[in-house]
Each structure stands twice: as structure tokens, then as C-alpha cells.
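Protein chains in written order, with the numbering used here: chain X, 1 to 502; chain D, 503 to 1004; chain B, 1005 to 1506. Structure first, commentary second.
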Amino acid sequence: MKRAFFIVWLVVFVFVAGSGFCADAPVSDATSECIDCHAMIHPGIVADWKNSRHAAVTPQKAMAVDGPARKLSAQSVPEKLQPVVVGCAECHTLRPKAHADTFDHNGYDLHVVVSPKDCATCHAQEAEQYSKNLMSYAYYNLSGNKLYDHLKRSIIGKSSLTKGKVVFGQPDPVVEADACYYCHGTRLEVIGTEIRDTESAGELEFPKINGWPNQGVGRINLDGSSGSCSACHTRHAFSMAVARKPYTCKECHVGPDVPAFKVYAASKHGNIFSSKHQSWNFDTVPWTIGKDFTAPTCATCHVSLLVNSDEAVIVERTHQMNNRLPWRIYGLIYAHPHPQSPDTTIIRNDDDQPLPTSLDGRMALKYLINESEMQVRAEKMQAVCLNCHDTSWVKGHWKKFEEIIQATNAETLTATLLMGDIWKHGFAEALDRGGNPFDEAIEKKWSRTWLFYANSIRFSSAMAGGGDYGVFAGGRYQFSQAIVELNDWLNLRKRVFPRTKP
Amino acid sequence: MKRAFFIVWLVVFVFVAGSGFCADAPVSDATSECIDCHAMIHPGIVADWKNSRHAAVTPQKAMAVDGPARKLSAQSVPEKLQPVVVGCAECHTLRPKAHADTFDHNGYDLHVVVSPKDCATCHAQEAEQYSKNLMSYAYYNLSGNKLYDHLKRSIIGKSSLTKGKVVFGQPDPVVEADACYYCHGTRLEVIGTEIRDTESAGELEFPKINGWPNQGVGRINLDGSSGSCSACHTRHAFSMAVARKPYTCKECHVGPDVPAFKVYAASKHGNIFSSKHQSWNFDTVPWTIGKDFTAPTCATCHVSLLVNSDEAVIVERTHQMNNRLPWRIYGLIYAHPHPQSPDTTIIRNDDDQPLPTSLDGRMALKYLINESEMQVRAEKMQAVCLNCHDTSWVKGHWKKFEEIIQATNAETLTATLLMGDIWKHGFAEALDRGGNPFDEAIEKKWSRTWLFYANSIRFSSAMAGGGDYGVFAGGRYQFSQAIVELNDWLNLRKRVFPRTKP
Amino acid sequence: MKRAFFIVWLVVFVFVAGSGFCADAPVSDATSECIDCHAMIHPGIVADWKNSRHAAVTPQKAMAVDGPARKLSAQSVPEKLQPVVVGCAECHTLRPKAHADTFDHNGYDLHVVVSPKDCATCHAQEAEQYSKNLMSYAYYNLSGNKLYDHLKRSIIGKSSLTKGKVVFGQPDPVVEADACYYCHGTRLEVIGTEIRDTESAGELEFPKINGWPNQGVGRINLDGSSGSCSACHTRHAFSMAVARKPYTCKECHVGPDVPAFKVYAASKHGNIFSSKHQSWNFDTVPWTIGKDFTAPTCATCHVSLLVNSDEAVIVERTHQMNNRLPWRIYGLIYAHPHPQSPDTTIIRNDDDQPLPTSLDGRMALKYLINESEMQVRAEKMQAVCLNCHDTSWVKGHWKKFEEIIQATNAETLTATLLMGDIWKHGFAEALDRGGNPFDEAIEKKWSRTWLFYANSIRFSSAMAGGGDYGVFAGGRYQFSQAIVELNDWLNLRKRVFPRTKP
């Protein structure tokens, strides 16, 4: 009898898993109408959605779940939305008056760009946390900082030649959108409408949107909100499983400035992930250490709600990702305690520059979290480590990591003292003489030291892995080389231009 | 009853899938004879083949398939080949008189190197298309272009020191085969025979082949044909599924000159592929968007026959991969409309150089496709995009992409103006004064701008992803740095060598 | 009847695979006691172990296996250990008097750091082989070589500025542990004890260990042994399957000095691995070519016991990985025949420097394996190749590879002649004048040629793949550029400093 039962269970399991059949998934009339056309026009979008949790679960059902397994964090959801699954219309017709891109589409007030405020209808807590995340200010923090503006211009500005000098003009908005704002997010703006002759429905009118398409993490949306949930929860599957895998973070964290993915992939953790994750479970909430997975991904340490095999909560879920981070190891220009506010445009260092540290290494302490908050955050992170490592391991690792922060900051100081000497001699145009401190050949060599090499070393140290990225692959080898090259360049200029400025 | 049926089906499925049993796969006597020995001598080769479609399907059966699912594109296949699966003998004894490496092997006229002309016996259309593909000319286009010869020599030529100058001599053929021609393909040549004492059959005579082994895309074969199907359809499985995965393209498209794989892997598409492809179906023909896969691989956009869920054809299969590409974003030295002919050695720019653009950015329009052809190709590509993205997304993306092409070309012009100034001053030996324009220190800095950085930015823009590769990882940061370093170098030389040439 | 049997089998299989149930896996009382607490405190560790072979098989059972399938290589195992699975206590209480970190932990004499000598209790042959592996000397060979000390200091030493010069002081031990010794291994040392207030058991005393945590391949352990099995057999699963995948080797072999993983991943072999390995079997011993896998991973060629489909042994397992390597393609500073002894500190070149080659390319033949040993090793490797490639392929590949070794050595000579000229002119401080030959700007440019570029080219050639890494991605392009830049730098200094030294 038991055997027969098992067989039935097995068959049902195979059948259900294969067909994706969901008996209890009522679709709203509006969404059905969307799908009628768009299943043919955009089969990829509809297929993604059909395989998603959104297509399988109604808010009503999601609200019935209690405890850590609950995925819907809003205390209440508008009644109209409760009994139907989360389909096209449920998101794209929400709050029509709030969105500048709302337009009439076959009788519906529809908007193109769904914002975190829309998602907050069900995922209130995540949206709230994310609004305190540095990432949600990624557009503002870059566009509203005069010093970063110099840096941005020196990299993506349109170059021209004038009297033996290269001048970088203001970057073209399209270039900004393709470069920095691809990850940071663009500022969206409705600039009119256009008529398009569609195959399925003849002539239709659509809004024209500047800065679109974009999914950057700090995108300024057409309802004034900032951020893009689909940066990580890729449309239209919005999969938690995908967001939990490191490939999602790689989209913006692979370059020499923040080589997090590269370091992870070469670390012990990354090795285990690559070797074993096909047998892990990325879909469960809460996420159980040792049962669902046996090595961390980015999300494990930085975002997810984790429990141990006794279902005791180890850390709460957070979409304010620096919640577990005492240090910001991305040097500006030195690694420093995390800023208190996600709005970093308000920061002024001791020299009144909009940077969290001074060029000589002093911290803008007033704007940074204090030691006690650092301790709180460190303990959250260590609580994760301690599930797979004993205390001596974790303490040893952490001590080393904090010493490496100081060691790399010391090297940045050496490089910056040399740069200061170069500015003093007038071999490059210093900021206090009206120059862009990032746009000359030797300044670029200097900015690599803290923008690339010091970060790479710290990421490698933080993840206790990816050794090569701390040494030969954009780490200490390149850092030490840049320092001696700064010196070599200076000594030659001193000889060639003994009295004059170039 | 139904349940019982299902169980039987399940059991049969498990059994068949496990055993790889194929009732209807008659093997020719000749191939059986091959396998008798080679299953022991080269178990890896035989195992690959046994798991392949070639070992499971006869041409007869393949020809019985009609419509988009048909994989055999030849209108007719020699009768002798029809009733047996495609085994060792079927390929390695085809057209014995055509192959210079045909030799007697245990009574069979056998050739070592199978060529696209052999494959064309069944895959006529693919071979025909591929013969119009730039790739099939990869050997000729490199070896037959005097300017590329300069570039090649400056990179892989044997260096020596003469009177304070580094001279790069003609590259060693082995170095050519190991470097450029590894991907481009070697020119194969029979240079004699040798007797080998084999374990299984005593002394046997074999042809000696120069340039072998090689699987480069433009290999010159021993029947005079060019190309190597096994470059992508790896021997001896010749798997379509493998060719559809991006790892195949990575073999030649990962470096800074064409960082296509790196950009893809860091893009949204690449993220979805990495996260989800284990559950996709890479074996179906035609390939159904939304059902077989939910994000594109390289093959999806550039090669495969795609249908939507209504089985309507979205794009036809092509092995002439630029069919869907209006622009060639690989700068020579500027990005330009694709050449009309795959033989690019015929191109002359306005300055009579064998380049599709002049050094000052003018296009060799006579040799490039015109705007209407560009439009046709753009529409083919956009037809793919439109399955998962709405029109505003696709149009917005494409507009940005084309503006980025212009923006990167403008930066290449700045770099080249500086290089021109350096040549004019005689600080490097210009082409028109008999110099190799690529072989001096400062020329190498210049060639990086268009050979690496501009390409990287354009690949990143084209795939709407891999943001880091457009900025910090060999993108705009390095591009702008190279420009100011060119200027810095020039200004120093002007000072140090005010009147003389170095 | 048969069908019924099959269903039962299927059900049992699903059940067992799902539950991880192992009837015959008696756990020792001591280990049970460990797990009682640690399953809660460190669920990740316990979960890893529970899924491991160690938790499923007793030495008794392992010793009953004969022939190539045997995994336990010791001739005898202490009787006490035979009837229980290999749990916490079995490793962490072994040989208590031998370990300097042995401490009393709830009545057990426990040590933190398990060493290869502990593992040798069962895996005697592997430990013995590994002790002859270069890797087991990775700490000593780096720390005991005065020339490498110069190199190390120039990369990770603490920088300071003195009279227009950058001076690199002795590296901080923490930096050493985070950088070089992360892979090479640290020297562990007990520096005292500490009391920790534990949640589960109140105050407990633990040893404090300098250099911990670390899993470098040449770690000096607290029993005086060297090496760390968990470098590759990651604790606490100690999985052979993971070690057989290339991600394990990537942990230390991804950087530009030894870009083995990058080259592999872009090679034909790597492509097949990436595309197909999900269906391979990484758990079987011996490992059958063509059945368990169809393309090699790092372990296949360098470590594993391989058999063909007739169960004939192709190569024996080795943990002395250079067993199959005639050449050491990691240039110091030229590629050379492998050293005879894993202790490379004893080597002196013709100029009495502790290097296997002289700066002008002569080999320190006395310390290197001779041609006949090279031939023996080459044949072992080729025996692997020949399972999937015919003799002409393998011979052609090998001939090309050896010519590329000579060609890259010739380019290293060009670079070194230029560097010699620079030293001779006094533009950098030469070794024989008391200088560090690696710490100046131009010396760093030179060291890149043999530490990065020549290696990259050779790895690409050796694996017959990853073409980009031999040319544009840290290969010949960068090599030739460095050579002309060395010359450019020298010519400028000759002009600017005509008589004096800088």
C-alpha cells in the first residue's frame, strides 16, 4: 500500500513538475486580455512570467503564510489585487496617476516603467529597506557630486585636442546612459508621444521616454521614485533564485573597480558554488544553511534571510545591503566606515571636498557610522560565517581583513603623496588650481591605485579567496608598479622640465 | 489504466534515456571495421560519436523530415550513404580523389582532414552559407593583406635588437599556427609520408601534414576548400547543442580585441543563461523562444532558426553570420558597415590602403553594404529582440547603440590625430615613410585604442550589458587613458628632441 | 514481473538518493559527541561532512575493495579506526602528541589543524606522493630563496618615499598571509591560548594560532609536516568530485602568472566541459575515458587514475603532479625542464643565483631532470591525449608546443638583453650592485615579460587552446609591447641622462 502511494506521489510529482500546472492561479480579466495579444507578440515575456511565482500565487495565498516563509511583506494589499495572480495588468496599471508615462492602451491606463513603489504594494519591507540602500541613490550620488563629475568627465567625456592638451568635454547623455548609468540607473523622462503602426492592432500611441531602456539600480522613475527591482529580479520572471546566484551581481560587479564576482568565482566559496550548486535549492524561504546550500553566494552573506537546521534565524533578510557591512572597501579614495546616509552627496571631508576621506587619509567621521554601529554590522556578517567556520577561523579572518584595509590605505597614501608632489611641481593641474584632478596621463595612473588595485586587494581579502586578484591580477603587483611608475615619471619630469611647468 | 500507462511510459523513458539504445541505427561495414580497432585505441573519439546524432540517424531518416525540423539540407544524398548512420568511413572516405591526404589504410582510401565540402554532402545549405561568411576567409583575409601583415609581424614576429631599435622579423610558421592561425585557421599541406609502428597493426604509413592539427574557422583544407565545421561543431560529437552554448564562441571571442563572451557573460542575457540554462532544451530544431529557452545565447541572435510558440518562423537559420549584422563593430580602424564580400583583401580605402576605413575615418563605401542592406539586416536582428522586448525597448536600444558607434569612432579619431602628429614629427616611423605603423612603443599604445578599447565599448553597447567592459574593464577608462598618454608622450618628446628625429 | 522489479528499483533509488540514508555507517561515540553540539553551532560543517564519502564508508569497508577502485591506499589502518566512519574525532584527535595545537576540549585531546600526516593514516600513497610535489614545498621555496625574497618585497613590501626613491620594506606578515602565502601556505605557530565564552558550553580554552586560517598548498603545519589536503579536497566534504573539476585549480591558477584556468576555460576541452559536464560522472574510481567524461579537466591530465573502456589502466593516479610534466612552463625566468627535487632552494644557476636558469637563458642542468626523464614524463601525458586524438594530432601538437617553448624563451632573452643594457647604463640598480632587480618601474615592465606574458603564451600552447590568451589577452601583443617599451624607455633615458646616473 505504501509503495503504491509512493508511486502515485512520484507520478504526480513528475506530472506536475513537467506541466507547470497550477490549479489555484486565477488570472484577472485585464491580464488575460494583455496575454491574448502579447503571448504572440512577445512570447518570451509571457513565457518568463508564466514560469514565475507571480503567475502561480495570489496575494491572498501569499498573505496566508506566516513566519519566515512569508514572501509578501506588506501588511495589507488592496482587495482588488488579492484574489488574482500578479500579472501584466496588476503591475502596469497600478497607480496610474503617479506615473508620467501612463497612456491609454486599448482602454487601459497603462504605464511602461514599473517602479519600486509599484512593487511595494506587496513587497513593502523590501522597498523600504532598499530606499535606504546606497544603490537606490546610485544615480543621485554620481550626478550630484562635483568631484565625481570631474572623474566621470575624464573617463567618458568627449575628447578634443587644444594646444597640445587633451580636453574632455561634457559627456553625451547617450554615452552616460551606455556607460556609468547603465549600472547606476538613468533619469527617465517622458519627452512626448509617438504613433506606431502595430501589426496586431494598427496605429497606436505610445509615450516616448528618454533614458529608456534602463534597469540601473538607482534609476529615477517616472513616478519620482528611484531604483529598479528588475536590476536583480530580472523581468518578467522576477526570480528570487536568479537573484540569489552570483551571476546577477556580476552584471555590475565584475570590473577592476569592484571585482567582486571575479574574486568570488576564484574563492573557495565560489569553487564550491560552481561545483555543486546544481543540486542546491535556490527557491526556499527561509534559506537553510547546510540543507539548501553548502557554500554562500553573494546573496547569502549580503541579503538573504538565513536559518539553521533548527529553523533558528541567523540573520534577517535585508535589501539595505550595507546592513551587514561595517567597512566600505571601495576606496574614495581610502576604504572607510560606511556612510551613515545613503545620500553621499552631503558628505564633506576635512578639506571640504565631497569625499568620505581626505586625500591624505583622514576620515570624514561626522558622516560615517561609528565604531559601535560598525561592531553591530560586523557581528551580523560573522553570524553567517560562524555556521561553517569555528570562532578561531572567523576571528583570524576578520583580524587579517581589517589589517589589510589599513595596509592598502597606507599604499594609497604613498601613491597620493607622489601625486601631491607632482601637483605641487605643476606637472599636472591640481584641483585647487582649477584643474580636473583625474584627466591627465599621470593622474590616471594614480587613480588606478585606489579605483582599481586597492579595491581588488580588499575584495580578495574580504572573501578570503581569489588570491590572484590580490596579487598578480590587478592587485599588489600592479599597485606597486603604479607607485614606482609615478615616481619614475616625476623624476624624469624634474630633469626635463627643471624650472618651468609643462 | 491511465496511471498504469504513465508508469510504463516513465519506466521506458528512464530505461531508454539511460541506455542510449537506438534500434534503427544501422552502421556500415566499413565503419564497423574502423570501430573494431579504434574503440580500443581511441575510446574517447568513439564514445563521442556513439552519443552523437550522427550515430543515431541515417540520412534516409533525416531526409524524411519536412519543414523547419529538417536538419539535412541537401536536396539529395548519394544512395550508398542513405541507409547507414554517419560513421567514421562515411566522412573519412568521401571524395578520396579530392583530398591530398588520402592514403591507403587497411584497404580503405582514407583522408585525415574532413572538410566543409565533405560535410556539404548532407549539410549543403550550411556549407554554402558558410562559404559567404567572413570566417571562411579568416586565413586569406589575414595572410593576404599587407597592412595586417605589418600588424601580425609587430605582434608575433621574432624580435631582435639592432642599433637601439627593436626589429620584428617574419614570424615563424609554428608561431603563426599557435597564435593568429589557431583561430583563423592554418593552411594545411601534405609534406610527405611517415611509417609508424602501431601497437595494434604493426607498421603503417601515414601522411605528414603541415599546419596540423588545427580547427581554425578559415583553415585551408587539403581539398582546397576553406573552413572547419569542427571549429564550432566539435569533433566527434558534432553537437548542435554545444555550438548553441556560448562556450563555443568563447574559444575565439574572449580576448580584448573581441570580448564578446566576457560582455555576454556579464550581461542580463548572460546572467539568465548562467542561472537557468540547465533546464533549457538545446537540442530541438526549430528552436522555440520562450519554450526551449528564455534568454538568447550567441547562436540565438546570430545563427539559429527561431520560431515562436505558434511555430511561426522569426528568422531563418544562417551560417553566414553577418546576415543579421548591419555594422561591423570590430574597428579597422573605425567601426563600419559590413563589407559586401567576405574576401576583404580586395578592399581599398580612399588612401589606397587595404582597410575598410581611412585613418581619418572616411569609409571605403564602395566595398561596404549600403544603407538599405543595413536596414534589412538590422530588421532581422530586431525581429529576434522583439520576442522578449517591446518596440520602445528595441528602438531605444538600437538608437543608443548606433550613437555609441559614432561616439567611439570619434574617440578613435582623437587618438589617431595624435598618432598622426607623432608620425609627422618623426617620433615614430610612419607607413608612408616605409615604416611599420604598428611596431613601436607609442604605436602599440595607439593600436590598443581601436583594436581593444573601442571594440570592447561597442560590444558592451551592442549586447546592452556587461557595463564594466564598456567602462572600467578595457573600456572608456583605458581608452581615455591611452589618449592622454599619447599626448603626454608626444609633449615630452617635443621637449627632449626639439629638432631632431629620434 | 520485470516491470514491477524495475519500479521497485526506481522507487528505492529515488528514496535512497533523496534521504542520503546509509545503513552501514557506524559513527564513533566520540564523533557522535562532537556532532551533538556542532550540528547546532556549525550546521554547515556537519552538513558537508554528512554528505561526504567519509561519513558513509568505514576504513574496513574501504580496505575490502581491491584493484583500481580502491580509494584507501594505506596497507593497514589502526584497528580502532577500522569499524567506524571517518568523523570529526577520527581526524581531530589523531596523533595528539604530534600536534602543537592539541588542547583539552570536553575531555578530548583535540587539535584544530589536520595535516597530511593525519590524512596519511588512510591515504598513505597520496600523502607520500604529495610530499614530492613542488606544491608541498610552496612555502619553503618562496621563503627560502633570496632572489624570490627580492621579488616578493617589490610586490607586497610596505612602500615609503626616500629622496626621490620608492623603498619597499619587509612585508607585514599579515600581508604575506593574505597575498603570496594565501596560495603557497603560511607557517602556522601556536602563540598561546585564549579563553572564549561560548554560547553552548560556557568558558573554554583554545589555542591561538598564528597564520590561521589558511589552506595553502605548502602550509607548514603544527606537526611539522607541510601541505594542506583541504587546499583541493575542500573541508569538510573532502570531495574527490570537486577536486576533479577545474574550479578547484582556479583558486590559485587564474592570474596572469599562471592563467591555467582562463586558458582551459577558453579551450576546446574547456568548452566541452562547460557544455556537458552536468551529465558526467565525477565520482567513479577509476575514471573511465569516454564513459565517465568526454573531455579532460585539470585532474584528468595531471592527477587522476584513468582507464579506458576495457578497464585497462592508461595512467596511474599521482599526487606528485609534475610526474606527467617534462617542462616547467612557468618561467624562472625561462621555461625549463622540471627540477629534480621539489626543494628548489638548493638550485644554483651558472651565475650562482638561486634560479633554474641564468638571466641569459642557460639552464642549471645539474638540478633539472634529464632528457630521458623528460621523455618518460612526456609519454605519460601523451598516453592521456591518445585516447581522444590520433598519433599525428598528438605528435603535431607536441612538436608545436616544444617549439613555442623555445620561441617564448627567445623573446624573454630579447627583453632581458634590454634590461641588462639598462642595468649596465645604471638607469636601474642591478643585482650585482646591491640592488633589488625587481623593484623599479622599468624592472617591473621587464618582469611582466617572463612572469606573465611568456607563461600565458605557453599555457595557451600547452592546452592547444585559449588562443586569445596567447595573443591579445596578456600574450604576444603585450609581450611585444613590453619589449618595445623597454627600448623606448632606454632610448629616452640615454638622451635625457647622457652621462650621469639617475
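Note that CB positions come from ideal geometry on N, CA and C, so glycine has one too. Just so we're clear, the structure is a prediction, and the values are computed from it rather than from any experiment.
For the stretch 213-235 of chain X, which residues have a beta carbon sitting closer than 7 Å to at least one beta carbon of chain D?
P213 and T234
Would you say the beta carbon of E987(D) is closer than 7 Å to some non-hydrogen atom of the ligand NAD?
Questions concerning the ligand NAD fall outside what the structure shown contains, since it holds no ligand whatsoever.
At a Cβ threshold of 8 Å, is V787(D) touching chain X?
no
Do P1217(B) and W49(X) count as a contact pair if the criterion is CB distance below 8 Å?
no
Please report how far the alpha carbon of I347(X) lies from the alpha carbon of D1296(B), in whole angstroms.
59 Å
Pull up the DSSP beta-bridge partners for T193(X), would you.
P207(X)
What does a CB cutoff of less than 6 Å around S267(X) pick up in its chain, not counting 5 residues either side in sequence?
M463, G465 and G466
Could you check whether D680(D) and G1173(B) sit closer than 8 Å to each other, using their CB atoms as the reference points?
no
Please tell me whether H1401(B) has its Cβ less than 8 Å away from any Cβ of chain D.
yes
Using 8 Å for Cβ pairs, my map puts T1092(B) next to D1122(B). What's the rounded Cβ distance?
Thr is not the amino acid found at residue 1092(B); the sequence shown has Cys there. Going by Cβ atoms, the distance from C1092(B) to D1122(B) rounds to 12 Å, so no, they are not a contact pair.
To the nearest angstrom, report how far apart G1048(B) and R1248(B) are at their CA atoms.
22 Å
Name the chain C residues that come within less than 7 Å of R950(D), Cβ to Cβ?
Of the protein chains in the structure, X, D and B, none is chain C.
Hey, would you say N1326(B) sits closer than 8 Å to H1340(B), going by beta carbons?
no
Shortest alpha-carbon distance to A558(D) belongs to which of F740(D), V986(D), C731(D) and Y641(D)?
F740(D)
Against chain D: residues of the stretch 173-191 of chain X by CB proximity under 8 Å:
V174, V175, A177, D178, A179, C180, Y182 and C183
T750(D) to A1387(B) span [Cα, whole Å]
26 Å
Does the beta-carbon distance from S154(X) to D439(X) come in below 8 Å?
yes
T31(X) (DSSP reduced to helix, strand or coil)
helix
Return the chain-ordered list of same chain residues with a C-beta closer than 8 Å to the C-beta of R826(D), the five sequence neighbours on each side being excluded.
C803, H804, V817, T820, R879, K882, M883 and V886
The stretch 1420-1428 of chain B in contact with the stretch 1132-1152 of chain B per 3-pair CB rule at 8 Å:
no
Taking contact to mean 3 or more Cβ pairs, one atom from each stretch, closer than 8 Å, check whether the stretch 435-450 of chain X and the stretch 1222-1241 of chain B are in contact.
no
Report the partner residues of H607(D) according to the DSSP bridge assignment.
Y610(D)
Kindly indicate which three-state DSSP category S309(X) falls into: helix, strand or coil?
coil
Own chain residues within Cβ distance below 8 Å of C22(X), not counting five before or after:
Here C22(X) scores only 47 on pLDDT, less than 50, and its place in the model should not be relied on; the value that follows carries that caveat. Only A55 and A56 meet the Cβ criterion.
Pop quiz: L222(X) and L188(X) are said to be a contact at Cβ under 8 Å. What is the actual Cβ separation, rounded to whole angstroms?
5 Å
Check the Cβ-Cβ distances between F1476(B) and every residue of chain D, and say whether any is below 8 Å.
yes
Which chain D residues sit within Cβ distance under 7 Å of S444(X)?
Going by the sequence as given, residue 444(X) is Lys instead of Ser. What K444(X) touches in chain D: Q983 and V986.
Contacting residues, own chain, Cβ-Cβ under 8 Å from N1312(B) (five flanking each side not counted):
T1292, I1293, G1294, I1318 and N1391
Taking the Cβ atom as the reference point for each residue, do A571(D) and P788(D) lie within a distance shorter than 8 Å?
yes
Classification of R1437(B) by the beta-carbon crowding that lies within 10 angstroms, buried from 16 upward
exposed
According to DSSP, residues forming a beta bridge with P339(X):
L368(X)
Which residue spans inside the stretch 130-201 of chain X form an unbroken beta strand (DSSP E) run of at least 3?
159-162, 165-168 and 189-198
Buried or exposed: Q877(D), going by 16 or more other Cβ atoms within 10 Å of its Cβ?
exposed
Tell me, please, whether the CB atom of I1408(B) is closer than 8 Å to any CB atom in chain D?
yes
Top-ranked residue by Cα proximity to I1220(B), from T1106(B), I1213(B), A1235(B) and A1458(B)
Looking at the sequence provided, one finds Gly at residue 1220(B) rather than Ile. Ranking the options by Cα distance to G1220(B), first place goes to A1235(B).
Cβ atoms of D101(X) and H111(X): under 8 Å apart, would you say?
yes
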